[in-house]
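These notes are about the structure you will find just below.
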Amino acid sequence: MMGGGFGGCTINLVAPDQVEQFIAHQTAAYQQQLGLPLETYTATIVAGVSALEPVVES
Numbered sequence: 032m033m034g035g036g037f038g039g040c041t042i043n044l045v046a047p048d049q050v051e052q053f054i055a056h057q058t059a060a061y062q063q064q065l066g067l068p069l070e071t072y073t074a075t076i077v078a079g080v081s082a083l084e085p086v087v088e089s
């Protein structure tokens, strides 16, 4: 969980083939419990971090 209370958010690691089902379930539960629409954002984890070479301007 990031933040807290209303205005906080969660980061959920979900198998790619389960994302749509997960969002549908969470959206319905959130609406039922709070009477508010749920905003969702999806992201894909990629190769990770790497070192960058500094740019030297001449």
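Yeah, the sequence shown ends on 89 if you go by our numbering, and it's all consecutive. For glycine and all other residues, C-beta sits at the position ideal for the given N, C-alpha and C. Bear in mind that the values here come from a model prediction, so they are computed numbers and not experimental data.
Y61, enclosing alpha helix (DSSP H) - first and last residue: Working through the sequence shown from its first residue, we reach residue 61 at position 30. Per DSSP, Y61 belongs to the alpha helix (DSSP H) from 50 to 65.
Whole angstroms is fine: what's the gap from Q63's alpha carbon to D48's? Taking the sequence shown and counting its residues from 1, one reaches residue 63 at position 32. Taking the sequence shown and counting its residues from 1, one reaches residue 48 at position 17. Distance between the alpha carbons of Q63 and D48: 25 Å.
Could you tell me how far apart the beta carbons of L69 and Q52 are, in whole angstroms, since I believe they sit closer than 8 Å? Taking the sequence shown and counting its residues from 1, one reaches residue 69 at position 38. Taking the sequence shown and counting its residues from 1, one reaches residue 52 at position 21. No, L69 and Q52 are not in contact; Cβ-Cβ is about 14 Å, not under 8 Å.
Within a Cβ cutoff of 7 Å, which residues of the same chain sit near G66, ignoring the five residues on either side of it in sequence? Looking up residue 66 in the sequence shown gives position 35. Result list for G66: empty, nothing under 7 Å.
CA-to-CA distance, A82 to Y61, given in whole angstroms: Residue numbering aside, residue 61 sits at position 30 when the sequence shown is read from its first letter. Residue numbering aside, residue 82 sits at position 51 when the sequence shown is read from its first letter. C-alpha separation (whole angstroms): 40 Å.
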